[in-house]
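To keep things clear, I will list the structure first and then write my remarks on it.
Protein chains: 2
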Amino acid sequence: MAKVKKSAEISPKDVHMPGTQGVSIRRLISQQDGAANFAMRLFQVQPGGHTPRHRHAHEHEVYVLGGKGSISGTGGEMPLETGSAVLVLPQEEHQFRNSGCEPLVFLCVVPIGADV
Amino acid sequence: MAKVKKSAEISPKDVHMPGTQGVSIRRLISQQDGAANFAMRLFQVQPGGHTPRHRHAHEHEVYVLGGKGSISGTGGEMPLETGSAVLVLPQEEHQFRNSGCEPLVFLCVVPIGADV
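So this is what it looks like as C-alpha cells:
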C-alpha cells in the first residue's frame, strides 16, 4: 500500500552546512521509505536566511510552496514565489534566499544518493 | 543558469487515459528542460474526478498542494489533504480521488522515462 505522511508531522532539522543561515529540512520521502531513485525534502528558509552558494554533481527540482525569495547563480538572480518551479542542473552554482517577511518554503527533489 | 517557471503560466492539458475523469496535467520540469533523471508534473483533479485505478513499473512521489481526496489501492483507502506526501512504489495499484468541493491539486514526480 502506498505510504502517506503529513509533512507537518515530520520534525524539521536545522541545516548546519557552512554558508547556510536559518534553514531547516523535513525529509518527506527518502531511501528509508523504499524510494529507489529520488528523494523529496521540504525546506524552510527564515526571513533573511539563505542556503549556501554552491554547486554539486546532482540536479535539484524545486517547487515553491510559500513565501518570497530568489535563486542566484553565475547568470544573475531570479525571483521566486509560490508556484515557482526551478530546475538546477548539475554543477550550476546556486543559492536560495528569502527576501520576504514570511518563511520561504519549498520542496526540493534530488537523486537518492544526494539526500544526505 | 537555473530555469525558473511559474506553474500558473504553464497551460494545463486534459488527461484522456481510460479510467480518468476530470484530470489535467501541467508539465513543470521535463526532459525537454534538460532534466536527466526525473520529471515534475502538477495535476488538478476536479470535484468528483479521479485518476485511473492502475499499476505500473515506475514509482510516484506526490505532494498535495490543495484540496481533499484519497488514494486507494489493494490495501484500502487513505485520506489526502494539503501537505500530504505520498510514495507509491512500483507495481502498487493506486487511484487518486477528489472527495472535496475544490480541485485536488498535487505534484507528482516520476522517473523521466515515465513522463509520457
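So the protein sequences, as listed, match chains A and B. According to the numbering used here, the first sequence is numbered sequentially starting from 5. According to the numbering used here, the second sequence is numbered sequentially starting from 5. Positions of the beta carbon are idealized from the N, C-alpha and C atoms, including for glycine. None of these values were measured; they are calculated from a predicted model.
At a C-beta separation below 7 Å, V120 of chain B has no neighbours in chain A, since its nearest C-beta there lies roughly 17 Å away. G79 of chain B and E97 of chain B have their C-alpha atoms spaced approximately 9 Å apart. The C-alpha of T24 of chain A lies about 10 Å from the C-alpha of F100 of chain A. Closest option to V90 of chain A, judged by alpha-carbon separation, among A:V109, A:Y67, A:S74: A:Y67.
Here the stretch 10-28 of chain B does not lie against the stretch 108-118 of chain A, with fewer than 3 beta-carbon pairs under 8 Å apart.
Of all residues in the stretch 12-34 of chain A, only A12, L32, I33 come within less than 7 Å of chain B when Cβ atoms are compared, listed by chain position.
With contacts defined by Cβ atoms closer than 8 Å, A40 of chain B and E63 of chain A form a contacting pair. Look at the stretch 94-111 of chain B: the residues with a C-beta under 7 Å from a C-beta of chain A are E96, H98, L111. Assigned with DSSP and collapsed to three states, I116 of chain B falls in helix. Exclusion of the five residues before and after S74 of chain B leaves E81, M82, P83, L84, R101, S103 as the residues of its chain whose Cβ lies within less than 7 Å of its Cβ. Beyond the five residues adjoining it in sequence on each side, K7 of chain A comes within less than 6 Å, by CB distance, of D37 in the same chain, given in chain order. The residue from A:P22, A:T55, A:A61, A:T86 with its alpha-carbon nearest to that of G117 of chain A is A:A61. Rounded to whole angstroms, the separation of the alpha carbons of S76 of chain A and K9 of chain B is 15 Å.
For S74 of chain A, the enclosing beta strand (DSSP E) stretches over residues 73-77. Cβ-Cβ distances below 7 Å link V19 of chain A to V27, S28, I29 in the same chain, with the five nearest sequence neighbours on each side left out; the list follows chain order. With 16 or more neighbouring CB atoms inside 10 Å of its own CB, V49 of chain B falls in the buried class. Contact annotation: G71 of chain A and E106 of chain A have beta-carbon atoms nearer than 8 Å.
Under the three-state reduction of DSSP output, A43 of chain B falls in the strand class. Within chain B, no C-beta atom comes nearer than 9 Å to that of A61 of chain A; the closest sits roughly 11 Å away.
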